[in-house]
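Just so we're aligned: 72 in the UniProt record's numbering is position 72 of the sequence shown, and the numbers increase by one with no gaps anywhere.
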Amino acid sequence: MRWMESPDGVCRFCFLAKKKNGNAVYRNRCRRILRPIFFEMSKTISVPVWAMIIVNDKEDEMTSGRLHKASRKIFEKMGWV
């Protein structure tokens, strides 16, 4: 994940799943799973950020639970939880 403090005071998130990790269905599924998690969590962030979240898992390794765990780890690392 890459991030910077928001210059306009609004949280913005970008989700990137590379083409080599899977087909369009896989990449869109990752975004559909991650989007509500991060937007729900944005309410608890004290300093608004612009963030790019990169999915590195291959299609056959990724599960919904694994994405939830990874996002929870990111929140804890950033001190957002």
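Quick reminder that beta carbons are idealized off the backbone N, C-alpha and C, glycines included.
- DSSP, reduced to helix, strand and coil, places I45 outside both helices and strands of the structure shown, so it counts as coil.
- It is roughly 22 Å from the alpha-carbon of Y26 to the alpha-carbon of R12.
- When secondary structure is reduced to three states using DSSP, C30 falls in the helix class.
- The bridge partners DSSP lists for C14 are M52.
- M78: member of the alpha helix (DSSP H) spanning 64-78, first to last residue.
- The beta carbon of R2 sits closer than 6 Å to those of M52, all from its chain and outside the five residues before and after it, given in chain order.
- The distance from the Cβ of E59 to that of N21 is about 6 Å, consistent with a contact at the 8 Å cut-off.
- N56 and M4 have their alpha carbons spaced roughly 20 Å apart.
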